[in-house]
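Visitor:
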Amino acid sequence: MPVASRAWWATPPPAHATHTHIVIGMADSTFFRNYAAEVRPLINAALESYTSFGADCPAHLKEAIRYSLLGPGKKLRPLLVLMAAETCGSTREDALPAACAVEMLHAYSLIHDDLPAMDDDDMRRGRPSCHAKFGQATAILAGDALLTLAFEVLARHQQPPQTAALCCAHLAAAAGAEGMVGGQADDLNAEFSNGDLAMLKHIHRRKTGAMIRVSVLLGGLVGGANNEQTGRLVAYGEKLGLAFQIVDDLLDFQGDEAAVGKRTGKDSARGKLTFPTIMGAEKSRAEAAALIQAAREQISPWGVRAKGFDSLATFVLERNQ
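2 is the number of the first residue of the sequence shown in the numbering used here; add one for each residue after it.
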């Protein structure tokens, strides 16, 4: 099998690694970082190919789309799609259309979130956000184009067609009025409110968590996951997504602006509900760690096959950007 297709668990564990608990809960982030470094070029090449538009796409629109989609970034969500597919017995190439669709939708959401009418960010990943570089109108259109392209890629390229249809339905639900968009709407409405922890979790299970959950779900669908496996993948994504948001809030609260790649302290300045403002930094870190441990427990039945997910969990806790 070519190196690009080999799952991370293809190499048998050492002879002494005979129990699941030797693998689960002990991985550091190095394994995931190495996996990501190997696989990101595959994702980026596919994204480049899908955005090689013809003459009918205006040059400035194409530039804005590719600037936002192909720029620096962790590519966490498409990596989750590919990892889930491989864990369930498929190959990363089989899941690549779904992975690219998730990243396109994520890029669209960041473009729109950065707009002055939303989160009003002029920096993203250490460089000007899309509207700051290309203007608000072009940024809105670039986001619209990426949103629609995500579903075109799924419908045309994900196989078999029945899986493509399921992926389209789940991705649309995760991104829509009861998912990411609904969470963003509540997040904006909660500014300068007296919201509590339950409200904050409800917001971010949709605004941030929905796209992380659907990433592992789409990978599982491509990989032919059974009902139990699908449930475990979704539960892992649920807990990982909330932990990711807590760490994100901590980075805005006390992170290094140069490392984060955008302005910090803006959430508290705008009166937004965040985990540190409600719980304090120390309790927020403890909550994130507890969620990560709970996520690890969900994928423990896979044993060595879950090493990538286990290492990713540590990466989420360690990240500084």
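For glycine and all other residues, C-beta sits at the position ideal for the given N, C-alpha and C.
If you scan the region 206-263 from start to end, which runs of the alpha helix (DSSP H) of 4 or more residues do you find wholly inside it?
Guide: DSSP runs (the alpha helix (DSSP H)) wholly in the region 206-263: 210-224, 228-255, 258-261.
Visitor: Measuring CB to CB, does Asp115 end up less than 8 Å from Ser91?
Guide: Not closer than 8 Å, so no.
Visitor: Apply the 10 Å Cβ neighbour rule to Gly225 and answer buried if 16 or more other Cβ atoms are within range, or exposed otherwise.
Guide: Gly225 comes out exposed.
Visitor: By Cβ distance below 8 Å, which residues in the same chain neighbour Leu70 in space, the five residues on each side in sequence not counted?
Guide: Leu48, Thr52, Glu104, Met105, Ala108, Leu147.
Visitor: Determine, using beta-carbon pairs with one atom in the region 185-197 and one in the region 224-239, whether at least three such pairs fall under 8 Å.
Guide: With the cut-off at 8 Å, the region 185-197 and the region 224-239 do not touch.
Visitor: Label Arg93 either buried or exposed according to how many other C-beta atoms from any shown protein chain fall within 10 Å of its C-beta, with 16 as the threshold for buried.
Guide: That one is buried.
Visitor: Quick test of your reading: Leu292 and Ala244, contact by CB under 8 Å. State the CB separation rounded to the nearest angstrom.
Guide: Indeed they touch by this definition, with Cβ atoms about 4 Å apart.
Visitor: Check Pro277 in the structure and name its three-state DSSP category.
Guide: Of the three classes helix, strand and coil, the one that applies to Pro277 here is helix, per DSSP.
Visitor: Using the rule of at least 16 other Cβ atoms within 10 Å of the residue's Cβ for burial, across every protein chain shown, is His205 buried or exposed?
Guide: Buried, by the Cβ-count rule.
Visitor: Closest by CA to Leu274, which one among Val305, Leu201, Gln299?
Guide: Closest option to Leu274, Cα to Cα, is Leu201.
Visitor: The alpha helix (DSSP H) that contains Cys169, what's its start and end?
Guide: Here the alpha helix (DSSP H) through Cys169 covers 162-176.
Visitor: How big is the Cα-Cα spacing for Arg144 and His132?
Guide: A small correction: the amino acid at residue 144 is Gly; Arg does not occupy that position in the sequence shown. Cα to Cα, Gly144 sits roughly 10 Å from His132.
Visitor: Would you call the CB atoms of Ala307 and Gly221 closer than 8 Å?
Guide: No; because the gap between Cβ atoms is not below 8 Å, this pair is not in contact.
Visitor: Grab me the residues of Ala96's own chain with a C-beta within less than 6 Å of its C-beta, minus the 5 sequence neighbours each way, in chain order.
Guide: For Ala96, where only same-chain residues beyond five positions count, the Cβ hits under 6 Å are Val82, Leu83, Ala86, Gly220, Val223.
Visitor: Between Val215 and Ala175, how many whole angstroms is the CB-CB distance? I'm expecting something under 8 Å.
Guide: Confirmed, about 4 Å.
Visitor: Kindly give me the distance between the Cβ atoms of Pro73 and Gly127, rounded to whole angstroms, as I take these residues to be in contact under 8 Å.
Guide: Correct: roughly 7 Å between the Cβ atoms.
Visitor: Are the C-beta atoms of Phe193 and some chain D residue less than 8 Å apart?
Guide: The structure shown has no chain D; it contains just one protein chain.
Visitor: Since Ala102 contacts Val154 with CB under 8 Å, what's their CB separation in whole angstroms?
Guide: Indeed, because the Cβ distance is near 5 Å, the residues count as touching under 8 Å.
Visitor: In terms of DSSP beta bridges, what is Arg125 paired with?
Guide: Bridge partners of Arg125: Arg128.
Visitor: Please specify which runs of the alpha helix (DSSP H), each continuous and at least 4 residues long, are wholly inside the region 19-86, giving them in chain order.
Guide: Counting only runs of 4 or more, we get 21-24, 31-51, 60-70.
Visitor: When the Cα atoms are used, what is the spatial distance from Ala287 to Leu80?
Guide: Answer to the nearest angstrom: the Cα atoms are 26 Å apart.
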